[in-house]
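J.: Encoded as structure tokens, here's the structure I'll be asking about.
Numbering (this note's numbering), first residue to last: 108 to 411.
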């Protein structure tokens, strides 16, 4: 009898988990379709830092020069690339601003600017990258929804004290994650772009691909979000007095070393970017120490 009740309870939990997963994946799928309809502005936002770094103080143009000869015995119509500058324009019969008539054996020489954009190196690369970016954006934007579904699944099995700890953490996590994204987008990525472009310039041409740049950007976003979530977790542990300010002070040296190790693991291998990751981690650690000291003084003032 008891064994049957245990199995019924197990299958009931599995059914609830299945329902939670279905609702979560449905929310992510709907979010994916919505995000996919705006993928071009998303790519523009993600690559805006590269454009600001690449064209910060001067306008750069890479000019392509081409020579065309009409090898047939008849006149042909030739359409020029956009922005082409034709040498000896007066010697050609122009049809409109972009096309002209080329006589037999006539030579045409012109140059035009190549588009300054991140490179796509394969026919499917753009589509695959779009799907990946839309998935991660959907996962982040629908996090409150599927997070709520999972909270509904876990809350019945938690004690009241555990609920009091878990719910505020999830409520604050979105704000702290957003702060990590903002730091990465407005501070770390522009500085990393400038440093890496300057470092690469003496040893090769900076011809960055769209896939590598987006992967690198998403990695920095993820690293900063995790760093700020770790800071929030530390503040929660101090708030609920699981660790004290004195304990944090005693582990400060270890934390500084760990911050730089985490910075090395979650960022590209350049030192400035690692510092941009380590400094917020150390700052959040010091903030937790200050909060722990303030909490201890407040406790002594209430209970002398």
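The beta carbon of each residue, even a glycine, is placed where N, CA and C say it ideally should be.
I think residue 215 touches residue 221, with their Cβ atoms under 8 Å apart; what is that distance to the nearest whole Å?
T.: Within the chain shown, the letter at position 108 stands for residue 215. Within the chain shown, the letter at position 114 stands for residue 221. Actually they do not touch by this definition, with Cβ atoms about 19 Å apart.
J.: Would you call the CB atoms of residue 231 and residue 315 closer than 8 Å?
T.: Within the chain shown, residue 231 is the residue found at index 124, counting from 1. Within the chain shown, residue 315 is the residue found at index 208, counting from 1. Result no, Cβ atoms of residue 231 and residue 315 do not sit closer than 8 Å.
J.: Among residues of its own chain, excluding the 5 on either side of residue 380, which ones have a beta-carbon nearer than 7 Å to its beta-carbon?
T.: Taking the chain shown and counting its residues from 1, one reaches residue 380 at position 273. Correct list, in chain order: 295, 299 and 374.
J.: Cutting at 8 Å between CB atoms, please list the residues of its own chain near residue 280, excluding the five before and the five after it.
T.: In the chain shown, counting from the first residue as 1, residue 280 sits at position 173. Cβ within range, chain order: 336 and 339.
J.: Comparing C-alpha positions only, which one of 362, 130, 293 and 276 sits nearest to residue 347?
T.: For the purposes of this step, residue 347 is identified with residue 240 of the chain shown, where counting begins at 1. When each option's Cα is compared against that of residue 347, the closest is 276.
J.: Taking C-beta to C-beta, are residue 203 and residue 302 nearer than 8 Å?
T.: Looking up residue 203 in the chain shown gives position 96. Looking up residue 302 in the chain shown gives position 195. The answer is no: Cβ separation not under 8 Å.
J.: If you reduce the DSSP assignment to three classes, tell me which class residue 130 lands in.
T.: Position 23 of the chain shown, counted from the first residue, corresponds to residue 130. Helix at residue 130.
J.: Whole angstroms is fine: what's the gap from residue 350's alpha carbon to residue 148's?
T.: Residue 350 sits at position 243 when you count from the first residue of the chain shown. Residue 148 sits at position 41 when you count from the first residue of the chain shown. When rounded, the distance between both Cα atoms is 44 Å.
J.: Need the endpoints of the alpha helix (DSSP H) that residue 323 sits in, please.
T.: On the chain shown, position 216 is the one that residue 323 refers to. Looking at the DSSP string, the run of the alpha helix (DSSP H) that includes residue 323 is 317-346.
J.: Taking only the alpha-carbon atoms, compute the straight-line gap between residue 402 and residue 150 and give it to the nearest angstrom.
T.: Sequence index remark: in the chain shown, residue 402 carries index 295 (1-based). Sequence index remark: in the chain shown, residue 150 carries index 43 (1-based). Rounded to whole angstroms, residue 402 to residue 150 spans 44 Å at the Cα level.
J.: From what residue to what residue does the beta strand (DSSP E) around residue 237 run?
T.: On the chain shown, position 130 is the one that residue 237 refers to. Not the beta strand (DSSP E): residue 237 falls in the alpha helix (DSSP H), residues 232-248.
J.: Do the segment 251-269 and the segment 119-138 touch if we need at least three Cβ pairs shorter than 8 Å?
T.: Flag = yes, the segment 251-269 and the segment 119-138 touch.
J.: Contact check, residue 324 vs residue 153 under 8 Å by CB: the rounded distance?
T.: Along the chain shown, read from residue 1 onward, the residue named residue 324 stands at position 217. Along the chain shown, read from residue 1 onward, the residue named residue 153 stands at position 46. Confirmed, Cβ separation roughly 6 Å.
J.: Using CA atoms only, rank isn't needed, just tell me which of 207, 197, 218 and 143 is closest to residue 182.
T.: Position 75 of the chain shown, counted from the first residue, corresponds to residue 182. Nearest C-alpha to residue 182: 207.
J.: For residue 391 and residue 326, what's the separation of their Cα atoms in angstroms?
T.: Within the chain shown, residue 391 is the residue found at index 284, counting from 1. Within the chain shown, residue 326 is the residue found at index 219, counting from 1. Each residue's Cα considered, the two are about 20 Å apart.
J.: The beta strand (DSSP E) with residue 208 in it runs from where to where?
T.: Position 101 of the chain shown, counted from the start, is the residue given in the question as residue 208. From DSSP, the beta strand (DSSP E) with residue 208 extends over 206-209.
J.: CB residue 384 to CB residue 334, shorter than 8 Å?
T.: Start at 1 with the first residue of the chain shown, and residue 384 comes out as number 277. Start at 1 with the first residue of the chain shown, and residue 334 comes out as number 227. Cβ atoms of residue 384 and residue 334: closer than 8 Å.
J.: Going by DSSP in three states, residue 380 sits in which element: helix, strand or coil?
T.: Working through the chain shown from its first residue, we reach residue 380 at position 273. Three-state DSSP puts residue 380 in a helix.
J.: To the nearest angstrom, report how far apart residue 321 and residue 173 are at their CA atoms.
T.: For the purposes of this step, residue 321 is identified with residue 214 of the chain shown, where counting begins at 1. For the purposes of this step, residue 173 is identified with residue 66 of the chain shown, where counting begins at 1. Rounded to whole angstroms, residue 321 to residue 173 spans 33 Å at the Cα level.
J.: Buried or exposed for residue 190, going by 16 or more other Cβ atoms inside 10 Å?
T.: Taking the first residue of the chain shown as position 1, residue 190 is located at position 83. Residue 190 is exposed by the Cβ-count criterion.
J.: Go to residue 302, then tell me how far its beta strand (DSSP E) extends in each direction, as first and last residue.
T.: Locating residue 302 in the chain shown gives position 195, counting from the first residue. Careful: residue 302 lies outside any beta strand (DSSP E), inside the alpha helix (DSSP H) at 296-307.
J.: According to DSSP, simplified to helix, strand and coil, what is residue 111?
T.: Along the chain shown, read from residue 1 onward, the residue named residue 111 stands at position 4. Because the pLDDT at residue 111 is just 48, under 50, the model does not fix this residue reliably, and the point stays unresolved.
J.: Please report how far the alpha carbon of residue 113 lies from the alpha carbon of residue 408, in whole angstroms.
T.: What you label residue 113 is simply residue 6 of the chain shown in a count that begins at 1. What you label residue 408 is simply residue 301 of the chain shown in a count that begins at 1. With a pLDDT of 47 at residue 113, under the threshold of 50, the modelled position of that residue is not reliable, and the figure given next carries that caveat. Whole-angstrom Cα-Cα distance: 50 Å.
J.: First and last residue of the alpha helix (DSSP H) that includes residue 262?
T.: To locate residue 262, count along the chain shown from 1; it is residue 155. Residue 262 -> no alpha helix (DSSP H), and no H or E assigned at all.
J.: In its own chain, which residues sit with a C-beta less than 8 Å from the C-beta of residue 212, not counting the 5 before and 5 after it?
T.: Position 105 of the chain shown, counted from the first residue, corresponds to residue 212. Counting only Cβ-Cβ distances below 8 Å, and skipping sequence neighbours, we find 176, 177 and 178.
J.: List the endpoints of the continuous beta strand (DSSP E) containing residue 360.
T.: The residue you call residue 360 lines up with position 253 of the chain shown. It is not in any beta strand (DSSP E) - residue 360 instead sits in the alpha helix (DSSP H) that spans 359-373.
J.: Here's a check: name, in chain order, each residue in its chain whose Cβ is nearer than 6 Å to the Cβ of residue 199, leaving out the five neighbours to either side.
T.: As a first step, residue 199 is located in the chain shown; it is residue number 92 there, counting from the start. Same-chain partners within the cutoff: 207.
J.: Whose C-beta lies closer than 6 Å to the C-beta of residue 367 among residues of the same chain, with five residues either side of it excluded?
T.: Start at 1 with the first residue of the chain shown, and residue 367 comes out as number 260. Excluding residues within five positions, the ones whose Cβ falls inside 6 Å are 385.
J.: State the beta-bridge partners of residue 220 as determined by DSSP.
T.: Within the chain shown, residue 220 is the residue found at index 113, counting from 1. The partner list for residue 220 (beta bridge, DSSP) reads 170.
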